[in-house]
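Heads up, the thing below is written out as structure tokens.
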Amino acid sequence: MSGGTGANPNEAHQGGEDAEALATAMAGLADAFDLTVDDAIRVAGEEDVEAGWRSFRELHLQGFVDVQGHGLQLADNIQAGASEIALNDLESSEELSGATEHVPPGLGNVNFY
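Quick note: the sequence shown, position 1, residue 75 per this note's numbering, numbers continuous.
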């Protein structure tokens, strides 16, 4: 278990880029599924089998569309979180750098553990 809290904005941003690359790779997933089902219908040869494939497509196509959208949203959320971490670090460092101006003489070397 870690002894502290925090996040590395560079690592978080890289995670967002990785998620975005994965989401981009899945961008044609729904279209590929649709085309694959079309091929299956075309070679099915029997009306009952064709109807089964059509029903299968109706049941599952939206799921593929949703997965694509969720992947892109996840990437956006991770990158936005990384940006917020970096902004928070910047704001905190500015506040802390101003605080050292008000340290009474003689207390500059005290360790508060």
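Heads up, the beta-carbon is just placed ideally off N, CA and C, and yes, glycines get one too. Predicted model only: the values in this text are computed from it and were never measured.
- With a CB to CB cut of under 7 Å and the five nearest residues on each side skipped, what residues in its chain are close to G89? One-based indexing of the sequence shown puts residue 89 at position 15. Excluding residues within five positions, the ones whose Cβ falls inside 7 Å are I152.
- Query: Straight-line CA distance for D112 to A99?
  - Reply: Along the sequence shown, read from residue 1 onward, the residue named residue 112 stands at position 38. Along the sequence shown, read from residue 1 onward, the residue named residue 99 stands at position 25. Rounded to whole angstroms, D112 to A99 spans 22 Å at the Cα level.
- Message: Here's a check: name, in chain order, each residue in its chain whose Cβ is nearer than 8 Å to the Cβ of M75, leaving out the five neighbours to either side.
- Response: Taking the first residue of the sequence shown as 1, we reach residue 75 at position 1. Only weak support exists for where M75 lies, its pLDDT of 42 falling under 50; the value from the coordinates is given anyway. Closer than 8 Å at Cβ, skipping near neighbours: no residue.
- Which parts of the segment 101 to 157 are runs of the beta strand (DSSP E), unbroken and 3 residues or longer, counting only runs that do not cross its ends? If we require 3 residues or more, the segment 101 to 157 turns out to have no beta strand (DSSP E) run fully inside it.
- Message: Could you tell me the alpha carbon to alpha carbon distance between A106 and S167, rounded to whole angstroms?
- Response: The sequence position of residue 106 within the sequence shown is 32, counting from 1. The sequence position of residue 167 within the sequence shown is 93, counting from 1. For A106 and S167, the distance between alpha carbons rounds to 49 Å.
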